[in-house]
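A short write-up of the structure that comes next.
Number of protein chains: 4
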Amino acid sequence: MIKKRIGIIGATGYTGSELVRILTNHPDIEITLITSESRAGELFSDVHPFLQGIADQTLVSINQIEEHELDLVFLALPHGVSMDFVKRVKDKSFKIIDLSGDFRLRSQAEYEEWYKTSHIYPEGIEKAVFGIPELYHDKIKEARLIANPGCFPTSAILGLAPLLKGKLIETDRIIVDSKTGVTGAGIKAKSTNMYSNVNDNFKAYGLKHHRHTIEIQGVLDELSGQETLIQFTPHLLPVDRGILTTIYARPTGEMDEAGLREIYAAFYENAPFVRLRKQEPAIKDVRGTNYCDLFVSYDKRTNMIIVISVIDNLIKGAAGQAVQNMNILFGLEETKGLNLIPLNP
Amino acid sequence: MIKKRIGIIGATGYTGSELVRILTNHPDIEITLITSESRAGELFSDVHPFLQGIADQTLVSINQIEEHELDLVFLALPHGVSMDFVKRVKDKSFKIIDLSGDFRLRSQAEYEEWYKTSHIYPEGIEKAVFGIPELYHDKIKEARLIANPGCFPTSAILGLAPLLKGKLIETDRIIVDSKTGVTGAGIKAKSTNMYSNVNDNFKAYGLKHHRHTIEIQGVLDELSGQETLIQFTPHLLPVDRGILTTIYARPTGEMDEAGLREIYAAFYENAPFVRLRKQEPAIKDVRGTNYCDLFVSYDKRTNMIIVISVIDNLIKGAAGQAVQNMNILFGLEETKGLNLIPLNP
Amino acid sequence: MIKKRIGIIGATGYTGSELVRILTNHPDIEITLITSESRAGELFSDVHPFLQGIADQTLVSINQIEEHELDLVFLALPHGVSMDFVKRVKDKSFKIIDLSGDFRLRSQAEYEEWYKTSHIYPEGIEKAVFGIPELYHDKIKEARLIANPGCFPTSAILGLAPLLKGKLIETDRIIVDSKTGVTGAGIKAKSTNMYSNVNDNFKAYGLKHHRHTIEIQGVLDELSGQETLIQFTPHLLPVDRGILTTIYARPTGEMDEAGLREIYAAFYENAPFVRLRKQEPAIKDVRGTNYCDLFVSYDKRTNMIIVISVIDNLIKGAAGQAVQNMNILFGLEETKGLNLIPLNP
Amino acid sequence: MIKKRIGIIGATGYTGSELVRILTNHPDIEITLITSESRAGELFSDVHPFLQGIADQTLVSINQIEEHELDLVFLALPHGVSMDFVKRVKDKSFKIIDLSGDFRLRSQAEYEEWYKTSHIYPEGIEKAVFGIPELYHDKIKEARLIANPGCFPTSAILGLAPLLKGKLIETDRIIVDSKTGVTGAGIKAKSTNMYSNVNDNFKAYGLKHHRHTIEIQGVLDELSGQETLIQFTPHLLPVDRGILTTIYARPTGEMDEAGLREIYAAFYENAPFVRLRKQEPAIKDVRGTNYCDLFVSYDKRTNMIIVISVIDNLIKGAAGQAVQNMNILFGLEETKGLNLIPLNP
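Residue numbers (the numbering used here), protein chains in the order written: chain A, 12 to 356; chain B, 12 to 356; chain C, 12 to 356; chain D, 12 to 356.
Have a look at this one:
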């Protein structure tokens, strides 16, 4: 088989380095180019020294993509920058998996309300497929532009999908209480990700207004055919990677725990990366992997469903899910190159 | 002023060492004795070496309390052991502040249901006062036996009290999503508090059945005069100390954020240890202190109230609150010996 | 190629789970059995829940090895228990890689002095080969019993070998100041590995008498043909995995930094897992991998050589090095199954 | 007694907030002003929100010092900025305790060599007293300008002083292997103090050229009357605060451990903040306090002395030592306001 030629646009962030980490051992692709405007001419391992001897490619400017026949590019660019690129290459033949938020929402208006900036390529929003393979496998297969989901939305949506698809819960008051590792804030040093502000510490942030709220709600509306109201609260954990989301929802009808678990088992029967856990999962149980671990519980005393959902935000929440989407696009086995085993401890 | 004579029963745990840490600089008391059955004859600083040169008292057996005139004893004993002691000394004149869970619930039946063990001194349950000074100052003043509240309940109750006292929220579906540091599990080494099981990790535990659920519910029922249903979920943070509780509740009537804040400001006007914060508090903001920091918020989009409550579980959640109760019992200024400033970072 | 049949003796510890993590993706072997006396009958993933769906083999008693034709067994047993097993199977045909300390020293007398227990199988000491592939590749190839090196010795020996092999430093006063992650202390909960005793903390331990001192010294004596004196001080880091060793030594003759680096480059020319780093390496740079990263430096002002050596204690310091030894024993490529990329962050 | 009027110049860093934390409970002083150029007009607690309700003074510009009669100012300014200020106020009557490195070295030439910048006020270097009270109590008492020592030098010098004062060790090859918490790098966000670069990580830095080398050497030369050569290597720990220094030195004559301990006990007989520990101290044993804990050991096998020295870098290594110096200057008890008890855990 001829290896697929891949471009990674944006090399300096965590999604860039995770993509390289994963793709380096993928048997069916080759990384044709990695771009960086600020570090062009340097080695990838100069930017990420832990990859010395492993990924020593020279970084090039984004303009170099013209000189290569590419099958697919991953966009590891900030929100706002991605749409410029996508617009610019709209007539190219390569596929695009965009890891930013630029094409995840349902409409230009929604984007502009929640991202507080104008969208310069609304046609892209219409064409883009939201890349959660567990829900949209067939659409992904046919897409040219995939909006790779946000990290929080991945954890929340996979936790809630079976309930909403089956119209099993009240939709006006779903609590999504999420806790994330620090890498979710990106690789740039700032006060919020300084060691001494995070270590031995914990806090909530982005109350009421976090952008992932609307991303979650958009998918859940679509799945349920109803209008949902999500109360989403992110918190910052003193850990590098991992998201744990605790979900509270009230059933619309009779419920019991065994039945609830069967619903999830059936829903995720063919999902190789969703593990229904026997006990409450911890974020280290999925560290370094593409798994989403779920634990479902029903409290008879209060008549509430509690779902716990755990992912590695950089993998199932970003680069790993992107590779999973790539595998589907290329007609490869969904798990190719993703046989990652949790690093625990 | 003659110094009050204090006994600390149980020296080997965290509450014991925190009590000594705080009381060592308290101007109006003297620590007359510290007991330990397993370490009697050794120095307190042999058990807690960081106190070498600071607290070098010799530990004695509990039987030695007979030989001293004491004004008050703190019980830093495990659940189940405390009630034995309280029963045994029921005719003594000294006051008792019990840091265990043995006298916190409303009835023997409730205790036996949630603690899965029989209660040998139900009279104590009736006489005990639940020691949250912000709510029960006057009762505490007159009590002989104080049940010092649990750490999670302290954070949850202080976060919810103004809402329930004012009958401002629906009571059948209050979400209390708590995250605690590891010291809450005690000083004994076990799998759950091993470094590599906690570090860079995070998980929920005790879903649906944690004992603090009923302790919270008992107080909230009493405050609101209604029956409440609390969904309480604790999670384990990779931090030593601190609890952050995120509370979700739906208002019964009209609500807005400014009004909500005024309600809290009025309710805690005379509470020296409750700080209403301008922004979301972090657990390190109260580390090493007796503060409970609160942040209240109202989401118009979803019609939900979100309250964030933060304490140091070993201080406001245990030893500090105990000293606050002691000050009230002795007619001292409530803040005496508790002018602790957060250690941050 | 017929897959080699592997047994793992001892399943409950970290070395057991790391061996399974690594071997699960090794193309040329199959794990024929995993033993545990305390957990026989349970699944491997019951003991290590993060491996649910990945390693669900049923654990068996050690007696079951009689029923299988095995090519090789890894012993992931405590010191003292290993030698019993090795003695018992001395006439079997399978190869043995022992991850304990039982066969690492030069003589029964040395073992008994430093391990404070008698050695029941001194013949094994004579036959065993010390399994550092970078130094003893050819002997390993022919061995039946391999003593897999300790974690500290691996980091210290690889850092010092080029200097001692070349007789370039004074041997009476080599400082080996090591800092290790907590997993080095094993998987059993005890006071020393409790979260709150380790987190935000740091201390030295085992001053002057740590057993790895003599293991290091034995190899260095042999390499240099001289008697060495090592001052080895381990310290406990608040991290899960990783050892960083800082080595101080005085050159016997003229020295300069460029020349020093050439010596190391030449010495490790064919060592796929030794990376000579451009800058000071951090332990996360090798986390989850079989690399040993080295940084060498010469201080003209003080006439001292400083070498920094970094490994993942569970991989290059234990399970990874064991698999590397296995590959050599089986005539496979040394890096087979060990193409692990650092998990950073 | 009339309270002494104190100014704190520089409010935004950790030394500023630690000074306020300590001085807020000091009975004999009042904080007359706190300056900040970048945040003038805001509250101190806007800059350090954990001090809301505790330290709500309004920050003023440095020019405001003209309007106050001050007894003493603490300079919590960066290196280079401090000397400007000291020069400018050279004719004022208030005393100065400078927490920067500007006046710690022996000469302008030494400063310019190690700090790579010119010194604009060399007269200050001559007049300044190096503020380690355990060594220079009497000089401090009479000084106008005190150069408060660096954090690493404090730990190294207190660990070595008894040995060098007594000419008990070889001076050409003293190994000072230090490990520090992250706050030593200051409060500004940068790549080196980002959470994910520090957490679960560890590395050496500043090999051979760290400025504290010469600061240590200057004092040790003076104490010993000999020329010393210090090999100083700092490492970065994943902890907020604390320095642990491991020192290796060879005795010049006969040595034994008991005698060694007596030497230290005699030397520090009157030092209220030096604790000679019974076992190896951990950095959390002194967290939040002004203690320097020492542990001394002699290895007969190798004929080496090992000293372990532990401090809180922000307190004994900065703000606490500054307050100790202030107490001496004012003729107060050395421990006034410094009765801090370790926060552990």
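Note that CB positions come from ideal geometry on N, CA and C, so glycine has one too.
Residue interval of the beta strand (DSSP E) (run including GLY18 (chain B)) = Your numbering for residue 18 (chain B) matches position 7 in the second sequence. Where GLY18 (chain B) is concerned, the enclosing beta strand (DSSP E) stretches over 15-20.
For VAL31 (chain B) and GLU41 (chain B), the rounded distance between their alpha carbons = Indexing the second sequence from 1 puts residue 41 (chain B) at position 30. Indexing the second sequence from 1 puts residue 31 (chain B) at position 20. Looking at the two C-alpha atoms, the distance is approximately 10 angstroms.
List the residues of chain A whose Cβ lies closer than 8 angstroms to the Cβ of SER104 (chain D), in chain order.
-> Residue numbering aside, residue 104 (chain D) sits at position 93 when the fourth sequence is read from its first letter. Correct list: empty, because the minimum Cβ distance to chain A is about 37 angstroms.
By DSSP, does GLU344 (chain C) sit in helix, in strand, or in coil?
-> In the third sequence, counting from the first residue as 1, residue 344 (chain C) sits at position 333. Correct three-state label for GLU344 (chain C): coil.
With burial defined as no fewer than 16 other Cβ atoms inside 10 Å of the residue's Cβ, what is the status of MET337 (chain A): buried or exposed?
-> The residue labelled residue 337 (chain A) in the question sits at position 326 within the first sequence. Using a 10 angstroms sphere on the CB of MET337 (chain A), the tally of other CB atoms reaches 16 or more, which defines it as buried.
On the premise that GLU238 (chain B) lies in contact with ARG115 (chain B), defined as a C-beta separation below 8 angstroms, what is that separation, rounded to the nearest angstrom?
-> For the purposes of this step, residue 115 (chain B) is taken as the residue at position 104 of the second sequence. For the purposes of this step, residue 238 (chain B) is taken as the residue at position 227 of the second sequence. Rounded, the Cβ-Cβ distance is 19 angstroms, inconsistent with contact.
Rounded to the nearest angstrom, how far is the Cβ of LYS15 (chain A) from that of LEU70 (chain A), given a contact under 8 angstroms?
-> Here the question's residue 15 (chain A) lines up with position 4 in the first sequence. Here the question's residue 70 (chain A) lines up with position 59 in the first sequence. Actually they are not in contact, since the Cβ atoms of LYS15 (chain A) and LEU70 (chain A) sit about 21 angstroms apart, beyond 8 angstroms.
Applying a beta-carbon distance threshold of less than 9 angstroms, which residues of chain B neighbour LEU34 (chain A)?
-> The count along the first sequence starts at 1 and reaches residue 34 (chain A) at position 23. The premise fails here: LEU34 (chain A) is roughly 25 angstroms from chain B at the closest Cβ pair, so nothing lies under 9 angstroms.
Which residue's Cα is closest to the Cα of ASP310 (chain B): A:PHE243, A:TYR275, A:ASP323 and A:TYR259?
-> Your numbering for residue 310 (chain B) matches position 299 in the second sequence. The closest CA to that of ASP310 (chain B), considering only A:PHE243, A:TYR275, A:ASP323 and A:TYR259, is found on A:PHE243.
Counting only beta-carbon atoms, is ILE352 (chain D) nearer than 8 angstroms to chain B?
-> Sequence index remark: in the fourth sequence, residue 352 (chain D) carries index 341 (1-based). So yes, ILE352 (chain D) belongs to the interface.
Can you name, in chain order, every residue of its own chain whose Cβ lies under 7 angstroms from the Cβ of ASN204 (chain D), other than the five neighbours on each side?
-> Against the fourth sequence, residue 204 (chain D) aligns to sequence position 193. Closer than 7 angstroms at the Cβ level, and outside the excluded window around ASN204 (chain D), lie VAL193 and ALA196.
Determine the direct distance from the alpha carbon of LEU231 (chain B) to that of ASN36 (chain B), and round the result to whole angstroms.
-> Within the second sequence, the letter at position 25 stands for residue 36 (chain B). Within the second sequence, the letter at position 220 stands for residue 231 (chain B). Near 35 angstroms, if we compare the C-alpha coordinates of LEU231 (chain B) and ASN36 (chain B).
Simplified DSSP assignment, three categories, for GLN290 (chain B) | Residue mapping note: residue 290 (chain B) aligns to position 279 of the second sequence, counting from 1. Note: GLN290 (chain B) maps to coil in three-state DSSP.
Under 8 angstroms Cβ to Cβ from THR263 (chain B), same chain only, skipping five residues before and after it: list those, please.
-> Counting from 1 along the second sequence, the entry for residue 263 (chain B) is found at position 252. If we look at THR263 (chain B) and ignore the five residues flanking it on each side, its Cβ neighbours are LYS178, LEU179, ILE180 and GLU181.
Would you mind listing the alpha helix (DSSP H) stretches within the stretch 175-263 of chain C that are 4+ residues and don't spill past its ends, in chain order?
-> Taking only runs of at least 4 residues, the alpha helix (DSSP H) segments lying wholly in the stretch 175-263 of chain C are 206-209 and 223-235.
When DSSP labels each residue in this structure, what does LYS101 (chain B) get in the three-state scheme?
-> On the second sequence, residue 101 (chain B) is found 90 positions in, with the first residue counted as 1. LYS101 (chain B): coil per DSSP, three-state reduction.
Cβ of PRO144 (chain C) within 8 angstroms of any chain A Cβ | Your numbering for residue 144 (chain C) matches position 133 in the third sequence. Taking 8 angstroms as the threshold, the shortest C-beta distance from PRO144 (chain C) to chain A does not fall below it.
Closer than 8 angstroms, Cβ to any Cβ of chain D: which residues of the stretch 207-234 of chain C, in chain order?
-> Within the stretch 207-234 of chain C, the qualifying residues are SER207, ASN208, ASN210, ASP211, ASN212, PHE213, LYS214, ALA215, TYR216, LEU218 and LYS219.
Member of D:TYR25, D:LYS127, D:GLU123 and D:GLY142 whose CA lies at the smallest distance from the CA of PRO133 (chain D) | Here the question's residue 133 (chain D) lines up with position 122 in the fourth sequence. Sorting D:TYR25, D:LYS127, D:GLU123 and D:GLY142 by C-alpha distance to the C-alpha of PRO133 (chain D) places D:GLU123 at the top.
For the stretch 106-178 of chain D, list the alpha helix (DSSP H) runs that are entirely contained and at least 4 residues long, ordered along the chain.
-> Runs found: 119-126, 133-138, 144-153 and 162-176.
Checking contacts by CB at 8 angstroms: is TYR259 (chain C) closer than that to chain D?
-> Translated into the one-based positions of the third sequence, residue 259 (chain C) becomes position 248. Chain D has a Cβ within less than 8 angstroms of the Cβ of TYR259 (chain C).
Under 8 angstroms Cβ-Cβ, which residues of chain A neighbour SER166 (chain D)?
-> Start at 1 with the first residue of the fourth sequence, and residue 166 (chain D) comes out as number 155. Simply none; closest approach about 19 angstroms.
What does DSSP give as the partner residues of GLU48 (chain A) in its beta bridges?
-> The residue labelled residue 48 (chain A) in the question sits at position 37 within the first sequence. None; GLU48 (chain A) has no bridge partner.
Reducing DSSP to helix, strand and coil, say where LEU62 (chain D) ends up.
-> As a position in the fourth sequence, residue 62 (chain D) is number 51, starting the count at 1. Helix at LEU62 (chain D).
Apart from the five residues on each side of it in sequence, which residues of its chain come closer than 7 angstroms, Cβ to Cβ, to ILE352 (chain D)?
-> Counting from one through the fourth sequence, the residue named residue 352 (chain D) turns up at place 341. These residues qualify, in order along the chain: THR300.
What are the residues that DSSP puts in a beta bridge with LEU83 (chain A)?
-> If you number the first sequence from 1, residue 83 (chain A) lands on position 72. Paired residues: A:ILE17 and A:LYS106.
Return the CA-CA distance between ALA200 (chain B) and PRO173 (chain C), expressed in angstroms with no decimal places.
-> As a working note, residue 200 (chain B) is residue 189 in the second sequence. As a working note, residue 173 (chain C) is residue 162 in the third sequence. So the two alpha carbons sit approximately 42 angstroms from each other.
Using a threshold of 8 angstroms, state whether the C-beta atoms of VAL307 (chain A) and LEU271 (chain A) are closer than that.
-> Your numbering for residue 307 (chain A) matches position 296 in the first sequence. Your numbering for residue 271 (chain A) matches position 260 in the first sequence. Yes, these two residues count as a Cβ contact at 8 angstroms.
For ILE131 (chain B), which residues of its own chain have a beta-carbon under 8 angstroms away from its beta-carbon, when the five flanking residues on both sides are left out?
-> In the second sequence, residue 131 (chain B) corresponds to position 120, counting from 1. If we look at ILE131 (chain B) and ignore the five residues flanking it on each side, its Cβ neighbours are MET94, ASP95 and LYS98.
Within 10 angstroms of its Cβ, does MET315 (chain A) collect 16 or more other Cβ (buried), or is it exposed?
-> Start at 1 with the first residue of the first sequence, and residue 315 (chain A) comes out as number 304. Flag for MET315 (chain A) reads buried.
For PRO356 (chain B), does the count of other Cβ atoms within 10 angstroms reach 16, so buried, or fall short, so exposed?
-> As a first step, residue 356 (chain B) must be located in the second sequence, where it is residue number 345. Buried: at least 16 other Cβ atoms inside 10 Å.
Length of the line joining the Cα atoms of LEU54 (chain D) and ILE73 (chain D) | As a position in the fourth sequence, residue 54 (chain D) is number 43, starting the count at 1. As a position in the fourth sequence, residue 73 (chain D) is number 62, starting the count at 1. Rounded to the nearest angstrom, the two C-alpha atoms are 15 angstroms apart.
Residues bridged to ILE316 (chain D) by DSSP?
-> As a first step, residue 316 (chain D) is located in the fourth sequence; it is residue number 305 there, counting from the start. Note: ILE316 (chain D) is bridge-paired with D:ALA260 and D:TYR309 in the DSSP secondary-structure output.
Test: ASP251 (chain A) CB closer than 8 angstroms to a CB of chain D = Here residue 251 (chain A) is taken as the residue at index 240 of the first sequence, counted from 1. At a cut-off of 8 angstroms between beta-carbon atoms, ASP251 (chain A) makes contact with chain D.
Under three-state DSSP, which class holds ASP39 (chain D)?
-> Walking along the fourth sequence from the start, residue 39 (chain D) turns up at place 28. Three-state DSSP puts ASP39 (chain D) in coil, outside helix and strand.
Among residues of its own chain, excluding the 5 on either side of LYS135 (chain B), which ones have a beta-carbon nearer than 8 angstroms to its beta-carbon?
-> Against the second sequence, residue 135 (chain B) aligns to sequence position 124. One point to set straight first is that residue 135 (chain B) is Gly, not Lys, in the sequence displayed. For GLY135 (chain B), where only same-chain residues beyond five positions count, the Cβ hits under 8 angstroms are MET94, VAL97, LYS98, LYS101, ASP113, PHE114 and LEU156.
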